[in-house]
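One structure is given here, and the rest of the page talks about it.
2 protein chains.
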Amino acid sequence: MSRERLIALFVQSNLVSHIDAEEIALLFEHRTVQKGEFLLTNKKICNEYFFLEEGFMRAFAINPQYQEVTTAFYASGQLVFEVQSFFQRSVSKEFIQALTPCKGWAISFEQLNHLFHTMPAFREFGRHTLVKGFMQLKARVISMASETAEQRYQNLLQAQPTIFEHAPLKTIASYLGITDTSLSRIRKQVTKKP
Amino acid sequence: MSRERLIALFVQSNLVSHIDAEEIALLFEHRTVQKGEFLLTNKKICNEYFFLEEGFMRAFAINPQYQEVTTAFYASGQLVFEVQSFFQRSVSKEFIQALTPCKGWAISFEQLNHLFHTMPAFREFGRHTLVKGFMQLKARVISMASETAEQRYQNLLQAQPTIFEHAPLKTIASYLGITDTSLSRIRKQVTKKP
DNA sequence: AGCCGCTCTTGTCAAATGGCAAGAATTTTA
DNA sequence: TAAAATTCTTGCCATTTGACAAGAGCGGCT
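Taken in sequence, the protein lines are chains A and E. Just so you know, the first sequence maps onto residues 1 to 194 in our numbering. Just so you know, the second sequence maps onto residues 1001 to 1194 in our numbering.
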């Protein structure tokens, strides 16, 4: 079990040197999450900045009507953590769950923050990660505000087709902001189109 | 024209001492934006981290169908800048426009970044700002995915009533992800309800 | 005052989406 | 393997929302 892909994540950002990346990666600990298991649950403080090396996860919140709303899907190669809870050290409103068996590398807030304060380059990487998440969220807001459910479905299908291999329909539906019934119909309609 | 409110913004976060806040604030320059004027336009790189002391602004993008989609409203006391463009030094997809005459305090990326690298406390403030924006966006995604247009309208009315004093309906409608026609109807229905 | 442009409302009709429920298909569990 | 649980599809019908167009209201400008 090597940290190659973790190191590659840092290096490919062009913000961290290979030497630094190796040093940083050594502070991450190997971690597995069983299928169905939670990396983070409601009411806990997120304390893992987790690089997903293999597997598939999703994050979701429960709205006031007690419905699950999927807030994100994570494929291998991505960083998985709940921004607000992790950085503000506050109780999480969200859950993060493994949809398949997962393995990867985790570091605690304390250690990560120490790295941020001592390594300017890695700090830039951290900011870059945050900003990237920010822009993805904003793109989603714009999409939800101005596209039809079918367009959003088509976009997701094209951008992240693997989601459809790992996540049940109702989970994807709540991510798209529609019911599973509607998603089922949209899907049918799309397949028969051209 | 004093920097009091700017200093207060830093101090009230509990992350920056009063002394540091004063020193930081001195690097911001006074800036006014006329009604209708743009603080940032499409295709430029956002280079102002702007504290809005007085006035009201909005940010919007133009989607592929050439419709304006309002991404944010800013009331006095808030920081105004386009995260992606400012931090990634990339071309902006968004516009930021003054809906009323505005004044406040601005600092360039270079100067801000320098402060971040030299003052750990201010760095924390910067991260805090980013994380706060992140969680607001996420709340909006969840709202868009699981609430009806009327609920979103009611929430906005309660959370940011001043928006309705400064922004035209169609702008608010695109923020809520509906047409101005629908917003007009929802509004009518709500007033006659209870 | 009178004209113009913009905003907001309203009517009509169509399309999209949701709620509910039944049943088929699939997966999980025992 | 059988039973149970879950997921997915589909029908029916109600509700929400959108597209389009007309007209009212309002403020700015000359």
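For each residue, glycine too, the CB sits at the ideal point set by N, CA and C.
By the CB criterion at 7 Å, Gly1055/E and Ala145/A fall outside the cutoff. Between the region 1003 to 1021 of chain E and the region 75 to 93 of chain A there are fewer than three C-beta pairs closer than 8 Å, too few to call the two in contact.
Secondary structure in the region 1010 to 1048 of chain E: the beta strand (DSSP E) runs of 3 residues or longer, each lying completely within the stretch, are 1029 to 1033 and 1038 to 1040 in chain order. A check of alpha carbon separations from Gln154/A across Gln189/A, Leu130/A and Val141/A identifies Gln189/A as the nearest. Apart from the 5 residues on each side of it in sequence, Asn63/A sits with its Cβ closer than 7 Å to the Cβ of Val69 in its chain, given in chain order. For Phe1095/E, the uninterrupted beta strand (DSSP E) segment begins and ends at Glu1094 to Ala1098. In terms of beta-carbon proximity, Asn1063/E lines the interface with chain A, with at least one pair separated by less than 7 Å. Around the beta-carbon of Asn1113/E, 16 or more other beta-carbon atoms lie within 10 Å, marking it buried.
Ranked by Cα distance from Ala1075/E, the first of Ile1163/E, Thr1181/E and Thr1171/E is Ile1163/E. Within chain E, the C-beta atoms nearer than 8 Å to that of Ile142/A come from Ala1061, Asn1063, Val1069 and Thr1071, in chain order.
Taking CB atoms only, Val131/A has a neighbour in chain E less than 7 Å away.
Per DSSP, the beta bridge partners of Arg58/A are Phe73/A and Gln97/A. Interface criterion met: the Cβ of Gln1084/E is under 7 Å from a Cβ in chain A. Among the bridge pairs identified by DSSP, Gly104/A is matched with Arg31/A and Leu52/A. DSSP places Glu1082/E outside both helix and strand once states are collapsed to three, so it counts as coil. Contact of Ser1013/E with chain A is not assigned, every C-beta pair being separated by 7 Å or more. Among the CB atoms of chain A, one or more fall inside 7 Å of the CB of Ser1146/E. For Thr1071/E, the number of other beta carbons within 10 angstroms of its own is at least 16, and it is reported as buried.
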